[in-house]
Amino acid sequence: MARQTRRQHCTDCLPNVDRWMHLCIGGLMLFSIEHVMAASLQKGVEEPLTGETGAASWPGIVAKCPPAAPARGGGGDPDPIPVTLSRNQLVTTLQCSEADTEEVPRGLSNVCVSKDGATVDACSKGTGESGDVVALKDVLGEGSDAKWVKKGSETQTVENAWVLQLQETDLPFTDESFFVGCQRKPSASGGTVCRVNVTVEARASSATGTAVTCAYGSHSNPEALNVEITEEKNTLTLACGQHGAILPTKYDAVYCDDDKLTSCTKSYGDIFQNYSQTWWNQEKQSAPVTLTVPKGAFPAQDKTFYVGCNHTSLGTKKPGRAGTAVRPESDTAKGVSQCRVKVTVKAASSGSFVADATRVGLPLFGVVVLGKLLSVTV
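Per the UniProt record's numbering, the sequence shown starts with residue 1, numbered consecutively.
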């Protein structure tokens, strides 16, 4: 009888437990919704629209230029809308939302240079020679063909939206920045509507096999890259690029023994047999540097050393491509980091030591045998 009473008591508790569970789940959902809504209220930046009736669905981070806002003191642009592109977010949309507005620079094959005193109005009138605009391909990674593409919607009367879709290979080797914007057409009395400040974070440094490509953005090098060289894969290739210089400076004579590249005094002779500086090769300045280790020079035990690339100063102007203006220095791309590589030299195989012993042992054995024969003859 007592057992039945306990069972009945526990059964009566179940509705209360269910109610508490529903309350907890409901509270969690409410918190999540509020969090998402708060994040999406960042000025001028919207999440992509997803199939709303009568609305276009623009990809990536949508910078929707609102009606003209009062400029900050000094007659400059309205407060800018910030957009950050990175390997985790490669798409953004500029939407000039009013019928009498147009994009700046016109056509967006160029972008506005981020520098002291730069404004949307000055950019709209500027040229490469004036230092107000620069080709988008010169901001992005070498060989990039990314471009802004004009998009429209059949359900909208306003079709002045531009989408920039990057690939990871478009990302630059240093953090870069530029801005674009919207302004009223001259027929609508002109005037800046909005400004969008775009930061493009650099790609990450990478290692493919024994080939290392270094980048220098603030998030490009969270830790040292790991590379192994063996008798079968006996080369190390280090590409510092036009933005970097190899470390240590006397890389063909000494190596670093710490991942901060601060202690760099030890000789490669401590690792390799019969080491020679001629094992290093660089065809021209800024070209990759390659270390080739002869098969018979590998150590008896695994060894490690560190090399890397250090970011060079951005204080000088970068040369423009043929037929383009020199790109002015940006004052906003300041985050840099050091590219570090931990190289593990795998021990020589046992066969290598047998071969070495044979090369040394056979001549020695011949000398001993010849000596014995001569002694017998005498």
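Just so you know, even glycine gets a beta-carbon here, dropped at the ideal spot from N, CA and C.
V139 carries a helical assignment under DSSP once its states are collapsed to helix, strand and coil. Under the rule that a run must span 3 or more residues, the beta strand (DSSP E) segments found entirely inside the UniProt domain "SRS" (211 to 345) read 211 to 213, 225 to 229, 235 to 239, 244 to 247, 289 to 292, 303 to 311 and 339 to 345. Between K346 and D302, the beta carbon gap of about 6 angstroms places them in contact (Cβ cut-off 8 angstroms). Listed as beta-bridge partners of E103 by DSSP are C182. Residue state for L171 is assigned as coil, using DSSP reduced to three classes. If you look at K125, you'll find it in the alpha helix (DSSP H) that goes V120 to K125. Straight-line measurement puts the Cα of V139 at about 14 angstroms from the Cα of Q242. Look at S130 here: in three-state DSSP terms it is coil, with no helix or strand label. For Q277, the CB contacts under 8 angstroms within the same chain, skipping 5 residues up- and downstream, are D252 and A253 in chain order. Taking C-beta separations shorter than 7 angstroms and ignoring five residues to either side along the sequence, the partners of I271 in its chain run P299, K303, F305 and V345, following chain order. If you draw a 10 Å sphere on the C-beta of D116, you find fewer than 16 other C-beta atoms in it, and that means exposed. The C-beta distance from V149 to V133 rounds to 19 angstroms, too long to fall under 8 angstroms, and the pair is not in contact. Remark: C-beta atoms of V196 and A99 do not approach each other more closely than 9 angstroms. The alpha-carbon separation between F179 and S220 amounts to approximately 22 angstroms.
In terms of Cα proximity to D170, the closest of G191, G143 and R184 is G143. A residue is called buried once 16 or more other Cβ atoms fall within 10 Å of its Cβ, and G126 is buried on that count.
Around the Cβ of K233, a 10 Å sphere holds fewer than 16 other Cβ atoms; the residue is exposed. In this structure, the alpha-carbon of R184 lies about 13 angstroms from that of Q95. Cβ-Cβ separation between D175 and S218: approximately 6 angstroms, consistent with a contact (criterion under 8 angstroms). Membership of N197 in the beta strand (DSSP E) is indicated by the continuous run T192 to V200. Per DSSP, reduced to three states, the secondary structure at S144 is coil, with no helix or strand assignment.
For T199, same chain residues with a beta-carbon under 6 angstroms away, outside a window of 5 residues either side, are T84 and S177 in chain order. The three-state reading of DSSP puts S177 in strand, counting E and B together. Across the set Q285, G244, N88 and A224, the C-alpha of A224 shows the shortest separation from the C-alpha of D258. When Q167, Q285, S263 and T210 are compared, the shortest CA-CA separation from E231 is found for T210. For P66 and V120, the gap between their C-alpha atoms comes out near 15 angstroms.
Within a 10 Å sphere around the beta-carbon of D145 sit fewer than 16 other beta-carbons, which makes this residue exposed. The continuous stretches of beta strand (DSSP E) do not include N160, and DSSP gives it neither H nor E. In the DSSP assignment, K115 falls outside any beta strand (DSSP E) and carries neither an H nor an E.
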